[in-house]
Amino acid sequence: MQYDQQRRHWDTQSTWLQRDVRSLKSLLRIGDTYTTGDVFDSIQFRGVQLMSDDEMLPDSQRGFAPTIRGVAHSNAKVTVSQHGYVIYETFVSPGAFAISDLYPTSQSGDLEVKVTESNGAVRTFTQPYSAVPYMLREGRGKFSLSAGRYHSGGESVRSPEFLQGTLFYGLTAGFTLYGGTQLARDYQAWALGLGRGFGEFGSLGGDVTQAVTRTPSGKRYTGHSLRAQYQKNFVSSGTAFSLASYRYSSSGYYDFAEASALESAQGQVDNRRRREELSVSQSLGGLGSLAVSAWSQEYWHRQSRDETVHLGFYSAWKGISWGVGYYYTRASGQQKNDRSWSFNINIPLGGPLSDSAVSYNTTSDSNGYSSQQMSLYGAVPTRPNLFYSVQQGYGNQGRGSNSSASLDYHGGFGNAQIGYRHDAASNQLTWGGAGSVVAHPHGVTFGQTVGESFAIVRAPGAAGVVVQNGNNVHTDWRGYAVVPSLTAYRKNVITLDTESMADDTDVDQQGQTVIPGGGAVVMANYQTHIGNRVLFTLRNAQGPLPFGASARLVKEEESGNPPGGMVADGGQVYLSGVPQEGTLAVSWIVNNQSQSCTLHFHLPDNPQQSLNTVKTVSGLCQTR
1 MQYDQQRRHW DTQSTWLQRD VRSLKSLLRI GDTYTTGDVF DSIQFRGVQL MSDDEMLPDS
61 QRGFAPTIRG VAHSNAKVTV SQHGYVIYET FVSPGAFAIS DLYPTSQSGD LEVKVTESNG
121 AVRTFTQPYS AVPYMLREGR GKFSLSAGRY HSGGESVRSP EFLQGTLFYG LTAGFTLYGG
181 TQLARDYQAW ALGLGRGFGE FGSLGGDVTQ AVTRTPSGKR YTGHSLRAQY QKNFVSSGTA
241 FSLASYRYSS SGYYDFAEAS ALESAQGQVD NRRRREELSV SQSLGGLGSL AVSAWSQEYW
301 HRQSRDETVH LGFYSAWKGI SWGVGYYYTR ASGQQKNDRS WSFNINIPLG GPLSDSAVSY
361 NTTSDSNGYS SQQMSLYGAV PTRPNLFYSV QQGYGNQGRG SNSSASLDYH GGFGNAQIGY
421 RHDAASNQLT WGGAGSVVAH PHGVTFGQTV GESFAIVRAP GAAGVVVQNG NNVHTDWRGY
481 AVVPSLTAYR KNVITLDTES MADDTDVDQQ GQTVIPGGGA VVMANYQTHI GNRVLFTLRN
541 AQGPLPFGAS ARLVKEEESG NPPGGMVADG GQVYLSGVPQ EGTLAVSWIV NNQSQSCTLH
601 FHLPDNPQQS LNTVKTVSGL CQTR
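Going by full-length UniProt numbering, the letters in the sequence shown line up with residues 1 to 624, in that order.
So this is what it looks like as C-alpha cells:
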C-alpha cells in the first residue's frame, strides 16, 4: 500500500477476501488480485477467483514424482533410492504394483528401485525422473478460474471484463496435459500444451496459443504463439540447466495486456516476436560456483531488441565470501549498450563484534563510471535485535563521496528503522516501520509483519512471555501475541517459554497445536493461572482427605476455569494461581456416596517471600 500525493488517496496492489474450499482442495478469492501465470501471462484484475491449492495436499502428493510400476513374485519389500539415499520403502503383495505417493525430491535424478523378495532374491531397475515445474503426478489435476475486470495500472488502457480458465492433468507414462482459455468481448485465446520427463535426457514441455483480437476501430488480428521449455540437472557434474524459449510466430498475435492497449493513448503497442531465456549454474566443488543467465526479446514493430546477460563466480573460504560479476544490458530505444563489472567481499569479525562483518564492493561500467563502497554492519553487542550499518563510499564523474548510517530494530511488535545519508547533492534523513495490527474478538494486538497464515496467542494476564515460534515474539501487557508465520494445512505447535513467565504465572499447557487454513488466522488459547503457588494439606474429622479427591478454587466471576487439582497422599494438593484469600472446594465419592467439604483460607503476607516460593497451608475442611 502506498499513498499517491497527486491524487490524494491510497493505492493498493492486492486486496482480497479469501476462503478455502476444502472439498475442492482450492481457494476462493474475491477482490483485487492476479491471475495465475502458468499458461497465460499473469494480469491484475478485480473479481473472483477459484484455484487449486497444493498446500492442502499431503506432502506425498505435492509436486511431481513419477509412478513406479513393477512386479513382485512374493510378499516383497520395495526400496526407492536417489543419489544413494533411501527416499521411500514399502511392502507389496505378489503381483503388479504401482507406487504413486513418492515425496517430491529434486527436479531430476534417476530413481533406483530395489525389489527384495521373501526368499532374499533381489531385483533392481532404474526409474528415470525429471520434471518441468508444471508437471503433475499421474491422475492428479489442477485448475484455476478467474472472472472480473482487467486492471492495467494505466489510465489510458482499456479495462475489459474477462473470463480465464486453466487446467492441468497428469497422464500415464509421465505426461502432463494442460491448456486454458481467455475470453473477453474483443479478445479470445486458447492454449494447449504437453510436458514429459525423459529421464537422463531431462524434461521438455511445449504449448501453442491461438489468439483473436478486435480493436475499437474494427480491425481484427489473428496469430499464434509457440512456447517450449527444457530443464535438466546433471547431478554427477553439479550442473543445473534450464532453457525457456517463447517464439511469437506471427505479427497478429497479442497477449491480453497488449490487446487491451491497442489504439489507446499509450500509442504504438510493440507485440513480442521472440523471447529466449537461458539459465545455467555449475558447482565447482570447494572452489565455488559459476552462474550464467541470459535473456533476449525481439518485437515485430521494432528493429532493436532487449538483451540481458549475467556471468557470476562466487566462492567462500573460512567464513570469507566473495564474488565477481559481469553484466550486459541492451535496451531498445537506448543509444548505448551497458556493460558493467562488480567485485564484492564479505569478512566476518570476531571478539565483541562476532555478529558483525565488513564488506567491500566496487563496480565499474563501459561509460567510465566506477564506485567503491565500504560497509560495517551487524547486530549491536548485547542487543541481538538491534542492527546497525555504517557505510562510506566514493564515485567518480562528479559523484564524489557519500556516507550513510542506519539502525534497524526487530521488535516483538514490529520493526522500526532510522537512517541518515549524505552525498554531494543532498542530505537525507529517513525513518520507517513495518508490522501488523490484528483485530480479533478479544481486542487488538500489534505484531511483526505477518505471512499468509498466522496465529494469535491468548494467555490472559501472562505479560512478557516469550513465544518460541519466531524471533523476539512475546506477549503484550494483556497476554496476547502475534505468531507471524505458520504452515497452512499442517500441524503447528506453538510453544510458550515457561522460563520467561513471571513468578506468579502458570499455564496448564506449554504448547498448543493449531492447523490453519490458507490465509487464515487461528487462536491459540492458553489457560493461565495468575497468583500464588500453594501446597494445601487438607483433613476432616476422620483425618487426611482421601487420595483422588478433586479440589478446585471457588471463583466469584464466571469467566475462565478456576485452578484445580487432585488430592495426593496425606491430603496434599498443589495449586497455582491462588489468590491471597479464597475458598477451596473438595469433593470425592465413598461407597457410591458423594462427599464434599470447603476450606476458607487466607495466605499470610510476607513481603520478603518471593512469589515463586511455594507457600503451605494446612486446614480443616468443613463438611458442606
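Every residue, glycine too, gets a C-beta built ideally from N, C-alpha and C.
Buried or exposed by the 16-neighbour rule on C-beta atoms within 10 Å, applied to residue 287: exposed
CB contact below 8 Å: residue 100 versus chain D: The structure shown contains no chain D; it is built from a single protein chain.
Completely contained beta strand (DSSP E) runs for the region 443-469, where each covers 3 or more residues: 443-447 and 454-458
Where residue 139 sits in the DSSP three-state scheme: coil
Residue 220 versus residue 96: straight-line alpha-carbon distance, rounded: 56 Å
Proximity below 8 Å, CB of residue 480 to CB of residue 517: no
Exposed unless 16 or more other CB atoms sit within 10 angstroms - verdict on residue 493: exposed
Inter-stretch contact at 8 Å, needing at least 3 Cβ pairs: the region 143-152 / the region 37-45: yes
contact_flag[the region 183-194, the region 277-287] where n(CB pairs < 8 Å) is 3 or more: no
Other residues of its chain near residue 214: CB distance less than 6 Å, five sequence neighbours each side excluded: 186 and 220
Where residue 422 falls, given that 16 or more other Cβ within 10 Å makes a residue buried: Burial call: exposed.
Strand pairing of residue 114, partner residues [DSSP]: 79 and 124
Beta strand (DSSP E) runs contained entirely in the region 171-227, provided each spans 3 or more residues: 175-184, 187-197 and 203-214
CB contact flag (residue 620, residue 598, <8 Å): Contact: no.
CB contact flag (residue 315, residue 327, <8 Å): no
Touch test, the region 505-516 against the region 431-440, Cβ-Cβ under 8 Å, three pairs minimum: no
Residue environment, residue 528, which counts as buried when at least 16 other CB atoms sit within 10 Å: buried
Closest by C-alpha distance to residue 204, when choosing among 73, 177 and 211: 177
Unbroken alpha helix (DSSP H) run spanning residue 424, endpoints: First-last for residue 424: undefined, no H or E at that position.
Proximal residues to residue 484 (C-beta, below 8 Å), its chain only, five neighbours per side dropped: 436, 447, 448, 449, 450, 451, 454, 470 and 473
Residue span of the beta strand (DSSP E) that contains residue 405, given as start and end: 400-411
First through last residue of the beta strand (DSSP E) which encompasses residue 628: With the chain represented from 1 up to 624, any question about residue 628 goes unanswered, as that position is not in the structure.
Which listed residue (554, 232, 561 and 569) has its alpha carbon closest to that of residue 546: 569
Sequence-distant residues of its chain with Cβ nearer than 7 Å to residue 530 (five each side left out): 461, 504, 505 and 577
Residues near residue 191 by beta carbon distance below 6 Å, same chain, minus five either side: 39, 179, 180, 207 and 209
Buried versus exposed, by CB contacts within 10 Å (16 or more), residue 138: buried
Segment contact, 8 Å Cβ cut-off, at least three pairs: the region 366-381 with the region 395-415: yes
Residue range of the unbroken alpha helix (DSSP H) whose run includes residue 260: 256-261
Span separating the alpha-carbon of residue 74 from that of residue 94: The C-alpha of residue 94 is placed about 4 Å away from the C-alpha of residue 74.
Run of the beta strand (DSSP E) containing residue 45, from where it starts to where it stops: 44-52
Residue 374 - containing beta strand (DSSP E), residue span: 370-380
Residue 350 versus residue 23: straight-line alpha-carbon distance, rounded: 55 Å
Per DSSP, the bridge partner or partners of residue 513: Partner residues in the beta bridge of residue 513, as assigned by DSSP, are 493.
Closest Cα partner of residue 248 within the set 260, 272, 468 and 261: 272
Residue burial classification, residue 352 (beta-carbon count within 10 angstroms, cutoff 16): Burial state of residue 352 is exposed, judged by a 10 Å Cβ sphere holding fewer than 16 other Cβ atoms.
Bridge partner(s) assigned by DSSP for residue 536: 573 and 617
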